[in-house]
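Here our numbering is used: position 259 in the first sequence is 261, and no number is missing along the way. C-beta atoms are modelled at their ideal positions from N, C-alpha and C, and glycine is treated no differently. Accompanying notes for the structure given below.
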Amino acid sequence: MINITFPDGAVRQFEKGTSALDIARSISEGLARKVLSASVNGQVQDAARPILEDATLKLLTWNDTDGKSTFWHSSAHLMAEAVESIFPGVKFWVGPPVENGFYYDMDLGDRKLTEEDLGKLEKKMNELAKQNNAYLRKEISKKDAVKYFSDKGDEYKLDLLQGLNDGEITFYTQGNFTDLCRGPHIPNTGFIKAIKLTNIAGAYWKGDEKNKMLTRVYGVTFPSQKELDEYLHLLEEAKKRDHRKLGKELGIFTMDDDVGPGLALWMPNGTIIIEELEKLAKESELAGGYKRVVTPHIAKENLYLTSGHLPYYKDSMYPPMELEGVKYYLKAMNCPHHHKIFAAEPKSYKDLPLRLAEYGTCYRYEQSGELFGLMRVRCLHMNDAHIYCSKEQFYEEFKAVNDMYLKYFKIFGIDKYVMRLSLHDPTKLGKKYVNEPELWKETEALVRDVLIKTNTPYVEVPDEAAFYGPKIDVQIWSIIGREFTLATNQVDFAQGRSFKLEFTTHDNKAETPLIIHRAPLGTHERFIGFLLEHYAGKFPLWLAPVQVKVLPISDKFLDYAKTVSQQLKKADIRAEVDDRNEKIGKKIRDTELMKVPYMLVVGEKEMTENKVAVRRHGKGDTGTENIGEFVNRISIEIKERISE
RNA sequence: GCCGUUGUAGCUCAGUGGUAGAGCACUUCCUUGGUAAGGAAGAGGUCGUGAGUUCAAUUCUCAUCAACGGCUCCA
3 MINITFPDGA VRQFEKGTSA LDIARSISEG LARKVLSASV NGQVQDAARP ILEDATLKLL
63 TWNDTDGKST FWHSSAHLMA EAVESIFPGV KFWVGPPVEN GFYYDMDLGD RKLTEEDLGK
123 LEKKMNELAK QNNAYLRKEI SKKDAVKYFS DKGDEYKLDL LQGLNDGEIT FYTQGNFTDL
183 CRGPHIPNTG FIKAIKLTNI AGAYWKGDEK NKMLTRVYGV TFPSQKELDE YLHLLEEAKK
243 RDHRKLGKEL GIFTMDDDVG PGLALWMPNG TIIIEELEKL AKESELAGGY KRVVTPHIAK
303 ENLYLTSGHL PYYKDSMYPP MELEGVKYYL KAMNCPHHHK IFAAEPKSYK DLPLRLAEYG
363 TCYRYEQSGE LFGLMRVRCL HMNDAHIYCS KEQFYEEFKA VNDMYLKYFK IFGIDKYVMR
423 LSLHDPTKLG KKYVNEPELW KETEALVRDV LIKTNTPYVE VPDEAAFYGP KIDVQIWSII
483 GREFTLATNQ VDFAQGRSFK LEFTTHDNKA ETPLIIHRAP LGTHERFIGF LLEHYAGKFP
543 LWLAPVQVKV LPISDKFLDY AKTVSQQLKK ADIRAEVDDR NEKIGKKIRD TELMKVPYML
603 VVGEKEMTEN KVAVRRHGKG DTGTENIGEF VNRISIEIKE RISE
């Protein structure tokens, strides 16, 4: 007998060799029908595998992330079986579960998959699923495994086998499909009730662009049709929040072929948001002791040679223009310009820390395939600043920057983010990273120290640093599920030297300052793109392009509406009058669709009483108020930057 | 940059080898209406661009540009 410990702490005895599935069955048939895999002593494995010793057991179902992964992993195998039956001779690479479903990479030779094929594959998968074929696990020696795939002529699986040793190689077979796989899998294909193959894409073998491109098919499956329907509905909802769609509907930005890809044109509504964000940045930077500067959009080649950017990032910069025998580049970053401002006048320790801030315009030649709405563009406006400080000042400065991030996150209600401490890879010194092994270690320790001492949750990622030093990136997720670096906070020990930046210390010696690059609000492009999705276009009052729309019941009250709007404007409230010859219902509908926070309906009653009937977006009629009261109330909402 | 898909009116989308249609938006008129679409009329497109096949191309072929979904990349 063996002791099985359940998640609630209960311990029960079972016969040795019993499986998680048996155990589930002993609890209830219903549970057994839901078990997808099992976590045995923390190890996720097939529910059908015999348990041979005392163990803690968690039965994994659709409600567990690991259960879902098992389900989707098995679905990938099911899809592979369908592909193989329709396209014999296909060779497979890997087919893992992902956040929302699974994919399988395959080499179809000269054949191409079409959308129609996806329909056929779905149909085939449904057929195969109904056969309730078990996923059978088999341990196999490396020799036999190699033979199996050599006979098949499958160079991809042979490549995978190279990295594996005897004792860790298993095959899984369901129906007519056998795959090299470490598992685990669901008990049988019958669990898969609803199937949707979502798209066909190319993917480089092993993720290396030098390698052959394989065909990747993405799909998602569910234990019931209802869940698939819900998922598809969710996708529809997400589409409505896409910043590209909202940006168009709300008149925030536009792109134009004649202007160029990745070059956003900010429309009047978008510009208001930009100006509000800059106002916020200026306020907090003023409070933080920053000084504002302005620098040109171009500079001579030499500046970027000094900074070291050209050798590292030439491909990402617009090609130079040559004038009078001198090459000029559009700036891809503001730092070299700021360094020159630092260098313009001799500095002493009394001038430090020096904090130079600018909403700088940068141009980056991102690869065409990378462009994505406002999230990835070629012209960007960065909430940039550089802090020049001594090593002793570093901790306080870095912490202050961190605090600024947190302050912003609070204002915008950003609670899902991850701070990534990006470190260098010592094997790439002198190539991807400046060759200063000691300084790397030192500064990485400094940054880690700040994060630990301030109790900031973070993850460390190797080989992601800037070429001049370690950095902290703030990762966020767009509603479409893409991950972005929203903001960045970097340490730079290299450029100070290359620009020969110096300050005179207490004891009259020359020292190079450390530089902190920081951009808590990232770029206008990415940040507003994010905010559009974050708020689903329903901007808080302080950011809303139109804050109040005055809606006269009919033309008779148009003059009164204009008077109201004038009073609002006098109080710096962005107000407009809907002077169209339309019924009030229509005016309300259109204003709701434009997501204007406040609507003031004015007619006979309001005019005689000198009042307004207030309607809040999404909430409806909230009653009448005196104009003065209303102005006072929302002025506070604006000033405090309250988000609902 | 690579693989795939798409490109028709401001927007959303039909459609066809014989030089194009709907709804919304827009303009004008009627209507002056109290909390999510009042009515009528009108205007608007060399069907992404270029070339080829054809008596004839928006439709077929090729190229090109752009967008979209991925891959790679992201100071």
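| field | Extent of the continuous beta strand (DSSP E) to which residue 364 belongs | value | Within the first sequence, numbered from 1, the residue matching residue 364 stands at position 362. Counting along the chain, the beta strand (DSSP E) containing residue 364 begins and ends at 356 to 365.
| When you compare each of 75, 82, 111 to residue 98 by their alpha carbons, which one comes out closest? | Against the first sequence, residue 98 aligns to sequence position 96. Per the Cα distances, 75.
| field | Which residues DSSP lists as bridging residue 628, in chain order | value | One-based indexing of the first sequence puts residue 628 at position 626. DSSP output for residue 628 lists 613 as bridge partner(s).
| task | Give the C-beta separation of residue 79 and residue 146 to the nearest angstrom, bearing in mind that I take them to be a contact with Cβ-Cβ under 8 Å. | result | For the purposes of this step, residue 79 is taken as the residue at position 77 of the first sequence. For the purposes of this step, residue 146 is taken as the residue at position 144 of the first sequence. That pair is no contact at about 20 Å.
| query | Considering only residues of the same chain and omitting the five flanking positions on each side of residue 401, which have a CB-CB separation below 7 Å? | reply | Taking the first sequence and counting its residues from 1, the one referred to as residue 401 is at position 399. Correct list, in chain order: 452, 456.
| field | Inter-residue spacing [alpha-carbon to alpha-carbon] between residue 563 and residue 556 | value | The sequence position of residue 563 within the first sequence is 561, counting from 1. The sequence position of residue 556 within the first sequence is 554, counting from 1. Between the alpha carbons of residue 563 and residue 556 lies a distance of about 10 Å.
| Which value, in whole angstroms, describes the spacing of the CA atoms of residue 38 and residue 48? | Sequence index remark: in the first sequence, residue 38 carries index 36 (1-based). Sequence index remark: in the first sequence, residue 48 carries index 46 (1-based). The straight-line gap separating the alpha-carbon atoms of residue 38 and residue 48 is approximately 8 Å.
| message | Which residue wins for smallest C-alpha separation from residue 487, given the options 381, 473, 328? | response | Counting from 1 along the first sequence, the entry for residue 487 is found at position 485. With distances taken between Cα atoms, residue 487 lies closest to 473.
| message | Relative to the C-alpha of residue 176, which candidate in 156, 307, 371, 82 has its C-alpha closest? | response | Taking the first sequence and counting its residues from 1, the one referred to as residue 176 is at position 174. Closest by C-alpha distance to residue 176, out of 156, 307, 371, 82, is 82.
| query | Among 279, 353, 165, 203, which residue has its Cα nearest to the Cα of residue 361? | reply | The sequence position of residue 361 within the first sequence is 359, counting from 1. Looking at the Cα atoms, 279 is the closest of the given residues.
| Between the C-alpha atoms of residue 538 and residue 268, what's the straight-line distance to the nearest angstrom? | As a first step, residue 538 is located in the first sequence; it is residue number 536 there, counting from the start. As a first step, residue 268 is located in the first sequence; it is residue number 266 there, counting from the start. For residue 538 and residue 268, the distance between alpha carbons rounds to 19 Å.
| said: Between which two residues does the alpha helix (DSSP H) holding residue 86 run? | reply: Sequence index remark: in the first sequence, residue 86 carries index 84 (1-based). Residues 67 to 88.
| request: Have a look at the DSSP bridge pairing and note the partners of residue 172. | output: Translated into the one-based positions of the first sequence, residue 172 becomes position 170. Paired residue(s): 141.
| task | Consider the C-beta atom of residue 74 and the heavy atoms of the ligand MG; say whether any pair is separated by less than 8 Å. | result | Ligands displayed in this structure: none; no statement on the ligand MG is therefore possible.
| request: Round the Cβ separation of residue 535 and residue 244 to the nearest angstrom and send it over; I've been treating them as touching at under 8 Å. | output: Position 533 of the first sequence, counting from 1, holds the residue named residue 535. Position 242 of the first sequence, counting from 1, holds the residue named residue 244. Going by Cβ atoms, the distance from residue 535 to residue 244 rounds to 7 Å, so yes, they are a contact pair.
| query | Sorted by chain position, which residues of the same chain lie with C-beta nearer than 6 Å to residue 649's C-beta, five sequence neighbours on each side aside? | reply | For the chain, the structure presents residues 3 to 646; residue 649 sits outside this window and is missing.
| message | So, does the stretch 216 to 235 touch the stretch 519 to 526, judging by three or more C-beta pairs under 8 Å? | response | Output reads no: the stretch 519 to 526 does not touch the stretch 216 to 235.
| task | With DSSP as the reference, label residue 112 as helix, strand or coil. | result | For the purposes of this step, residue 112 is identified with residue 110 of the first sequence, where counting begins at 1. The three-state secondary structure of residue 112, taken from DSSP, is coil.
| said: Check this for me: beta carbons of residue 273 and residue 266, under 9 Å apart or not? | reply: Taking the first residue of the first sequence as position 1, residue 273 is located at position 271. Taking the first residue of the first sequence as position 1, residue 266 is located at position 264. Cβ distance not < 9 Å, so residue 273 and residue 266 don't count as in contact.
| query | Relative to the C-alpha of residue 9, which residue among 59, 22, 51 is closest? | reply | The residue you call residue 9 lines up with position 7 of the first sequence. The residue with the shortest Cα to Cα distance from residue 9 is 59.
| request: Please state if the CB of residue 379 and the CB of residue 368 are separated by a distance shorter than 9 Å. | output: If you number the first sequence from 1, residue 368 lands on position 366. If you number the first sequence from 1, residue 379 lands on position 377. Yes, the Cβ-Cβ distance between residue 368 and residue 379 is below 9 Å.
| said: Suppose you measure from the CA of residue 598 to the CA of residue 576; what does that come to, to the nearest Å? | reply: For this step, residue 598 is matched to residue 596 along the first sequence. For this step, residue 576 is matched to residue 574 along the first sequence. The straight-line gap from Cα to Cα measures roughly 10 Å.
| Among residues of its own chain, excluding the 5 on either side of residue 312, which ones have a beta-carbon nearer than 6 Å to its beta-carbon? | Taking the first residue of the first sequence as position 1, residue 312 is located at position 310. Once the five neighbours on either side are set aside, the close Cβ partners of residue 312 are 306.
| Straight-line CA distance for residue 229 to residue 219? | As a working note, residue 229 is residue 227 in the first sequence. As a working note, residue 219 is residue 217 in the first sequence. Taking the straight line joining both Cα atoms gives about 21 Å.
| In chain order, what residues of the same chain have a beta carbon less than 6 Å from the beta carbon of residue 579, not counting five sequence neighbours either side? | For this step, residue 579 is matched to residue 577 along the first sequence. 552, 563, 564, 567, listed in sequence order.
| First through last residue of the alpha helix (DSSP H) which encompasses residue 1 | The shown model of the chain, from 3 to 646, leaves out residue 1, and the question about it has no answer.
| task | Identify which residue in 56, 632, 501 has its Cα closest to the Cα of residue 304. | result | In the first sequence, residue 304 corresponds to position 302, counting from 1. Comparing alpha carbon positions, the residue from 56, 632, 501 closest to residue 304 is 501.
| request: Please classify residue 21: does DSSP put it in a helix, a strand, or coil? | output: Position 19 of the first sequence, counting from 1, holds the residue named residue 21. Shown here, residue 21 sits in a strand according to DSSP, grouped into three states.
| message | Across the stretch 293 to 302 and the stretch 322 to 336, are there enough close Cβ pairs to call them in contact, namely three or more that are closer than 8 Å? | response | Because the criterion of three Cβ pairs below 8 Å is met, the stretch 293 to 302 and the stretch 322 to 336 touch.
| residue 324, enclosing beta strand (DSSP E) - first and last residue | One-based indexing of the first sequence puts residue 324 at position 322. For residue 324, the enclosing beta strand (DSSP E) has its first and last residue at 323 to 325.
| Can you list, in chain order, the residues of its chain whose CB lies under 6 Å from that of residue 540, leaving out five sequence neighbours each side? | Walking along the first sequence from the start, residue 540 turns up at place 538. By the criterion of a C-beta distance shorter than 6 Å, residue 540 is surrounded in its chain by 597, once the five residues flanking it on both sides are discounted.
| task | Write down every uninterrupted run of the beta strand (DSSP E) in the stretch 444 to 527 whose length is 3 residues or greater and which is fully enclosed by it, in chain order. | result | Given a length threshold of 3 residues, each whole run of the beta strand (DSSP E) inside the stretch 444 to 527 is given here in chain order: 460 to 463, 473 to 479, 485 to 494, 516 to 521.
| said: Let's see if you can read the secondary structure: which residues bound the alpha helix (DSSP H) around residue 127? | reply: Numbered from its first residue, the first sequence carries residue 127 at position 125. Per DSSP, residue 127 belongs to the alpha helix (DSSP H) from 117 to 132.
| Ranges of the alpha helix (DSSP H) found wholly within the stretch 384 to 425, counting only runs of at least 4 | Scanning the stretch 384 to 425 from its first residue to its last, the whole alpha helix (DSSP H) runs of 4-plus residues come out as 393 to 414.
| query | Looking at the unbroken beta strand (DSSP E) that takes in residue 201, where does it start and where does it end? | reply | Here residue 201 is taken as the residue at index 199 of the first sequence, counted from 1. Note, residue 201: beta strand (DSSP E), 196 to 206.
| Where do the N-terminal and C-terminal ends of the beta strand (DSSP E) with residue 220 fall, by residue? | On the first sequence, residue 220 is found 218 positions in, with the first residue counted as 1. Per DSSP, residue 220 belongs to the beta strand (DSSP E) from 215 to 224.
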